[in-house]
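Have a look at the structure below before the remarks.
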Amino acid sequence: MRFGSKLCVVCVFFSAQTLSAQSQPGLSFDVYTRNGQGDTATNVVHMLATANAVRMEFEKRPTSGQFRALPLGDHGVLILRGGGAEFIVLDPAKKEYVSIKPLEMMEGARKMMESMGGSMTFDSAASTFQVDSLGPGPTIDGHNTLRYRLVGHTKIHVVMMGRDQTVESQVVSETQNAVDLAEYATLMGASGGARELVRSMSTTIGLPKNFVDRASAAARKARGFPLHSERQTTAITPNGTLTRSDTSDVKNVRRASIPDSTFAVPADYKQTSFPGLESPRLSP
């Protein structure tokens, strides 16, 4: 083989390596969620996800669920990077973004609590996490499913400003998981970097390692990617009991090669913040 031919082969090889590094295998899908707290309208989120990052575009501002406190407007975008170690909220209308580091925020809150004489104690004996297989489920959009039931219960004692309070929470969730998408079983859960995030957060708020290990082992029993889920969350505090419920359906699932740029901040966006959340500068 002549030198020119060898050089061509080398260039093609390194070009292929560069191109492959610019995208990752993942899923494209839409999540339709309804809650039982008066707002019966269906909330739609368009999602692109790989093993270590998720991009969520909301058709309207979330008024319930875990993201309701974030500054998300209609068509707002939320990016989770590093397995959830960083949240980036994009405002396409204003071309602005907010970077949130959950671990840094939780560590700051813990230190502030301790400086004020407060403490948080996790009750291992009263906390449980269990996953049960319920057998085959229905065929959804051509996907065979398995059904699972998850029950998690936690109890935490909080001491703050001389007051001792107990907070209990329970989550009961039933899912129907697509078995042909098993490699994405924990796409948005405790896999890869997300698993390390969960462990780090657990340490920050004082969850014992043995409980985290048991919960992780139980969660791995659920095979497949959840296409339908029904969840009820109950919080018991000194101020009373609050129960929330929601139903989610995943549709239009497609395997895709997701460009890394999907999870980057556009170069013309300006970083900002909102009251109560201060975060370090983020390089787009």
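Every letter in the sequence shown is one number past the one before it in the numbering used here, and letter 93, counting from 1, is 108.
We put the CB at the ideal spot given by N, CA and C, even for glycine.
Please read these numbers as outputs of a predicted model, since none were measured by experiment.
Contacts around Ser-206, its chain only, beta-carbon distance under 7 Å, and the 5 residues preceding and following it disregarded: On the sequence shown, residue 206 is found 191 positions in, with the first residue counted as 1. The pLDDT assigned to Ser-206 is 33, lower than 50, so where the model puts this residue is not dependable, and the model offers no usable value.
How would you label Ala-56, buried or exposed, when you count the other beta carbons within 10 angstroms and need 16 or more for buried? As a working note, residue 56 is residue 41 in the sequence shown. It counts as exposed.
Do you know how far the Cα of Glu-74 is from the Cα of Thr-287? Position 272 of the sequence shown, counted from the first residue, corresponds to residue 287. Position 59 of the sequence shown, counted from the first residue, corresponds to residue 74. Between Thr-287 and Glu-74, the C-alpha separation is close to 22 Å.
Would Leu-63 and Tyr-284 qualify as a contact pair, given that the criterion is a beta-carbon distance under 8 Å? Here residue 63 refers to the residue found at position 48 when the sequence shown is read from its first residue. Here residue 284 refers to the residue found at position 269 when the sequence shown is read from its first residue. Cβ distance not < 8 Å, so Leu-63 and Tyr-284 don't count as in contact.
Identify, in the order they occur along the chain, each residue of the same chain with its Cβ nearer than 6 Å to the Cβ of Ser-276, setting aside the five sequence neighbours on each side. Taking the first residue of the sequence shown as position 1, residue 276 is located at position 261. There are no such residues.
Residue range of the unbroken beta strand (DSSP E) whose run includes Val-173: To locate residue 173, count along the sequence shown from 1; it is residue 158. Segment 160–175, the beta strand (DSSP E) holding Val-173.
For the stretch 177–185 and the stretch 265–276, state whether three or more C-beta atom pairs, one from each stretch, are separated by less than 8 Å. no
Using CA atoms only, rank isn't needed, just tell me which of Val-166, Gly-152, Met-175 is closest to Met-128. Sequence index remark: in the sequence shown, residue 128 carries index 113 (1-based). Of the candidates Val-166, Gly-152, Met-175, the one whose C-alpha sits nearest the C-alpha of Met-128 is Met-175.
Euclidean distance between Cα positions of Arg-246 and Ala-230: Translated into the one-based positions of the sequence shown, residue 246 becomes position 231. Translated into the one-based positions of the sequence shown, residue 230 becomes position 215. If you take the alpha carbons of Arg-246 and Ala-230, they lie about 18 Å apart.
Put Lys-366 into one of helix, strand or coil per three-state DSSP. The first residue shown for the chain is 16 and the last is 299, placing residue 366 beyond what the model contains.
Within the same chain, show all residues whose beta-carbon is closer than 6 Å to that of Asp-147, passing over the 5 residues directly before and after it, in chain order. Residue 147 sits at position 132 when you count from the first residue of the sequence shown. Cβ neighbours of Asp-147 beyond the five flanking positions: Arg-164.
Find the nearest neighbour of Thr-248 within the set Val-166, Gly-177, Phe-226, Phe-44, judged by alpha-carbon distance. Residue mapping note: residue 248 aligns to position 233 of the sequence shown, counting from 1. Per the Cα distances, Val-166.
For Ser-276, the three-state DSSP class (helix, strand or coil): Position 261 of the sequence shown, counted from the first residue, corresponds to residue 276. Three-state DSSP puts Ser-276 in a helix.
Option nearest Ser-114 by Cα separation, candidates Leu-87, Thr-160, Asp-261, Asp-45: As a first step, residue 114 must be located in the sequence shown, where it is residue number 99. When only C-alpha atoms are compared, the closest one is Leu-87.
Here's a check: name, in chain order, each residue in its chain whose Cβ is nearer than 8 Å to the Cβ of Pro-151, leaving out the five neighbours to either side. Looking up residue 151 in the sequence shown gives position 136. Cβ neighbours of Pro-151 beyond the five flanking positions: Asn-159, Thr-160, Leu-161, Arg-162.
Tell me whether Tyr-284 sits in a helix, a strand or coil according to DSSP, three-state version. By 1-based counting over the sequence shown, the position of residue 284 is 269. Correct three-state label for Tyr-284: coil.
Can you tell me which of the three DSSP states Glu-74 falls into? In the sequence shown, residue 74 corresponds to position 59, counting from 1. The answer is coil: DSSP assigns Glu-74 none of H, G, I, E or B.
Measure from the alpha carbon of Thr-190 to the alpha carbon of each residue in His-243, Met-135, Pro-274, then state which is nearest. By 1-based counting over the sequence shown, the position of residue 190 is 175. Looking at the Cα atoms, His-243 is the closest of the given residues.
Residues bridged to Glu-189 [DSSP beta-bridge criterion]: To locate residue 189, count along the sequence shown from 1; it is residue 174. DSSP output for Glu-189 lists Arg-164, Glu-245 as bridge partner(s).
Please classify Ala-234: does DSSP put it in a helix, a strand, or coil? Taking the first residue of the sequence shown as 1, we reach residue 234 at position 219. Of the three classes helix, strand and coil, the one that applies to Ala-234 here is helix, per DSSP.
Suppose contacts are defined by Cβ-Cβ distances below 8 Å. Is Phe-240 in contact with Ala-279 by that definition? As a position in the sequence shown, residue 240 is number 225, starting the count at 1. As a position in the sequence shown, residue 279 is number 264, starting the count at 1. No; because the gap between Cβ atoms is not below 8 Å, this pair is not in contact.
Distance, Arg-76 Cα to Thr-143 Cα: Position 128 of the sequence shown, counted from the start, is the residue given in the question as residue 143. Position 61 of the sequence shown, counted from the start, is the residue given in the question as residue 76. So the alpha carbons of these two residues sit roughly 33 Å apart.
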